[in-house]
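Protein chains: 2
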Amino acid sequence: MKIADLKTPAFLIDLPRLKANVQGMQERAQKNNVALRPHVKTHKTAEIARMQITADAPGITVSTLAEAQFYQKSGFEDITYAFPIAAGKLPEAAELSANLKVFNILLDQPQTLSAVAAYGREHGVRFKVFLKVDCGYRRAGVDPSKPESVRLARQLAAADHIEFKGILTHAGHSYHSRNADEIVAVARQERDVMAQFAGRLREAGVICETVSVGSTPTAMHAPDWQGVTEIRPGNYAFFDKVQTDIGSCNLQDVAATVLTTVVAHYPAHNQMLLDAGALALSKDSGADHLSNGIVFGAVVNHPHLKIFSISQEHGLITADAPIAFTDFPVGSQLQIIPNHSCLTAALFPKYHVVEENQVVDEWTPVRGW
Amino acid sequence: MKIADLKTPAFLIDLPRLKANVQGMQERAQKNNVALRPHVKTHKTAEIARMQITADAPGITVSTLAEAQFYQKSGFEDITYAFPIAAGKLPEAAELSANLKVFNILLDQPQTLSAVAAYGREHGVRFKVFLKVDCGYRRAGVDPSKPESVRLARQLAAADHIEFKGILTHAGHSYHSRNADEIVAVARQERDVMAQFAGRLREAGVICETVSVGSTPTAMHAPDWQGVTEIRPGNYAFFDKVQTDIGSCNLQDVAATVLTTVVAHYPAHNQMLLDAGALALSKDSGADHLSNGIVFGAVVNHPHLKIFSISQEHGLITADAPIAFTDFPVGSQLQIIPNHSCLTAALFPKYHVVEENQVVDEWTPVRGW
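Residue numbers (the numbering used here), protein chains in the order written: chain F, 1 to 369; chain X, 1001 to 1369.
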């Protein structure tokens, strides 16, 4: 089947670019002597995760228990669930701990530590637990400068029914960068905060087997990972418009696009209608700290076209100059690079894998929680 | 099962409110002597669509061919596919035309008319076709003030293999309103533009069997529907924060919420972490023409709490005053009224139907295209 024969909207994965992205990150990790534990929430497929892991680094990172269960059933054996565990999710976490060689959870609240320890005691489970650390993003994690954070790590290390695995952070503020230099600065901060906190814990008698960092921008630009043992980037498999805008990658690295059809021309408004709307692109507004106006993706090969408005199934394109409508006949196809490939991929029940103009495979991701 | 026992995030539908919303719109339509053809893209379930239709008004509106196919298999017999047809979708449209009592498509481009007529001639199909009209929203549809729009209607009415059904519009600009008075003004415009265009077509010898309008805000506030025969609101089944913000409904009418768990407290930042992020709430930024700052939904019973930031699985709450953290223990649940219930519902593989604190049913929507 050819791309031109696909029903639109469709989610396309460019296989050669995907493979290059996957290999590039493996090489960065190997060269820098850190374990790569890819975050698979970007694609949520078994096929891509299998490409991402290696015999030396068999672990993956997931964002939901549904993903953990799906990957366990797909034969993966080493999974970190990188969202602070809630007490209500401990029964499922216990089952995953029993069914996997390694199932790591994480927490940053004393109350959650008590709940995990109590559940472990009651049900005879020994949970593998990371302490989540805030390296500057201010989303989740303990403040590594505070004595109570060292205390919480010491309690984790001392708790029965808990195997303390180490410390873990996500430098999500790397997405607020405006260029590669700013990303490098965040990567240094992520590395230094974690290495220093691991040092303070060591002084307090707490050994961090794993010091885990990760975000695609910092993973692409970190000068080195001194004091870090593991990285967990995810978006790099696909990349997207945000990553190119902030200087994380080049536009030609992006492996995921949304295929859409031009459905109508409105020359009086200098507009074209697409059959890709908010349910095909997501309403992620992109790197709006950089933008001169919000657009919902980039049109491949036509950078002057702006997707300025989307509703559920409608996407509207305009341009600063009059559109050459004859270049985009009604019924013709366009490819859109999404602002945020993770959120866009999550809207599609299946992905079409393509090489040049051919559809070579179809992959089905896991959904839900 | 109780709500408190549900795994979060979960999508809750309050059954009594849903029923009241459905009945309220049926009463408005009956009182005003227009057919109600609900747009089911908001929920995409057979269960709610069955509540919405009546013996007198058995028709529904869909936004994708996947919905049309799902509802056909679920026993519905009268469906309007309310997105401009693309030539590449005609084989599926022809199959639906054969399998349904009524399957209406719509178009606004001369090229598409030619493609529909040619396909019909070649395959012996007689398509039922609406002319899509722009009543001021500037998203899709012909300009009713232009002679070429009358000409297109005349060509539709004269075409072999086409049964001209009438004219159809969507006053989506009602969502830019700031209060009920502004919605009334848009409703009058929507009604008048369509009634007048139908009159001009009549003078040109083209009879519109159906004059179809629709948007939840205008359907809630239209003073009357003189000259209109059909309305197609959809969001009213659930409503949402945007509808309450623009004056379309009251907060206590909203029938859909996202159930989430408080996962962590960060008093130093006056923040709480939720397990509902962009994949549970959608990144729809709401009625931002009204907003004093974007929030991603309203916390039920706690209007002072602001969901100010969401990433894939993380939601962050803050407040202007210090949060009383003891009121929201780690592990406790909150319900969030989504900004845009259509986009939020579309993220969930299933819905939980609730009455007071009990989960009374589970419904599965259709997905994809």
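Glycine is no exception: its CB is placed at the ideal position from the N, C-alpha and C atoms. Because the structure is a prediction, the values reported are computed rather than measured.
Judged by beta-carbon spacing, Val359(F) lies within the 8 Å limit of Met1(F), meaning their Cβ atoms are closer than that value. Its chain contains Cys135, Ala171, Val213, Thr218 as the residues whose beta carbon lies nearer than 6 Å to that of Glu190(F), once the 5 sequence neighbours on both sides are disregarded; these appear in chain order. Collapsing the DSSP output to three states places Asn1104(X) in a strand. When Cβ-Cβ separations below 8 Å define contact, Asp253(F) makes no contact with chain X.
For Arg1367(X), at least one C-beta of chain F is nearer than 8 Å to its own C-beta. Annotation: the continuous alpha helix (DSSP H) that includes Thr1216(X) extends over 1216-1221.
Within chain F, Glu313 have C-beta atoms less than 7 Å from the C-beta of Thr1064(X), given in sequence order. Taken through DSSP and simplified to helix, strand or coil, Leu1347(X) comes out as coil. Asp327(F) counts as exposed, since fewer than 16 other C-beta atoms from the protein chains shown sit within 10 angstroms of its C-beta.
Shown in chain order are the members of the segment 1260-1273 of chain X whose Cβ falls below 9 Å from a Cβ of chain F: Thr1261, Val1262, Val1263, Ala1264, His1265, Tyr1266, Ala1268, His1269, Gln1271, Leu1273.
Closest in alpha carbon position to Asn270(F), among Leu113(F), Phe325(F), Val211(F), Ser282(F), is Phe325(F).
For Val1262(X), the uninterrupted beta strand (DSSP E) run begins and ends at 1256-1266, by DSSP.
Judged by DSSP secondary structure, Phe1127(X) falls within the beta strand (DSSP E) whose first and last residues are 1127-1132. Chain F has no Cβ within less than 8 Å of the Cβ of Arg1121(X).
With a threshold of 8 Å between beta carbons, Gln1189(X) makes no contact with chain F.
In this structure, the alpha-carbon of Tyr351(F) lies about 46 Å from that of Glu148(F).
By the rule that beta-carbons nearer than 8 Å mark a contact, Lys7(F) touches chain X.
Each residue's CA atom was taken as its position, placing Ala1082(X) and Arg28(F) some 49 Å apart.
Leu1316(X) sits in a strand when the DSSP states are folded into three classes. Cβ-Cβ distances below 6 Å link Ala1157(X) to Phe1164, Val1206 in the same chain, with the five nearest sequence neighbours on each side left out; the list follows chain order. Between the C-alpha atoms of Gly1293(X) and Gln23(F) there is a straight-line separation of about 42 Å. Contact check for Leu1273(X) and Ala1264(X): beta-carbon distance about 4 Å, within the 8 Å limit, so the pair qualifies. Between the segment 1172-1180 of chain X and the segment 1119-1127 of chain X, the count of Cβ pairs shorter than 8 Å is below three; the stretches do not touch. Asn104(F) is a Cβ neighbour of Thr80(F), given a cutoff of 8 Å. Residue contact with chain F for Lys1041(X): present (Cβ-Cβ distance below 8 Å to some residue of chain F).
Here the alpha carbon of Asp361(F) sits roughly 15 Å from the alpha carbon of Arg17(F). Closest in alpha carbon position to Ile162(F), among Gln333(F), Gly120(F), His221(F), Gln109(F), is Gly120(F).
Chain F has no Cβ within less than 8 Å of the Cβ of Ser1215(X).
Listed along chain F are Gln109, Gln111, Thr112, each with a C-beta nearer than 7 Å to that of Val1330(X). Here His1161(X) carries a coil assignment [DSSP, helix/strand/coil].
Checking the DSSP bridge columns, you'll see Val1213(X) partnered with Ile1231(X). Burial is judged here by how many other beta carbons sit within 10 angstroms of a residue's own beta carbon; Asn21(F) has at least 16 and is buried.
Counting along the chain, the unbroken alpha helix (DSSP H) around Met25(F) starts and ends at 15-31. Residue state for Glu203(F) is assigned as helix, using DSSP reduced to three classes. Beyond the five residues adjoining it in sequence on each side, Gln26(F) comes within less than 7 Å, by CB distance, of Leu36, Thr54 in the same chain, given in chain order. One finds Lys1283 in chain X with Cβ atoms closer than 7 Å to the Cβ of Ser282(F), taken in chain order.
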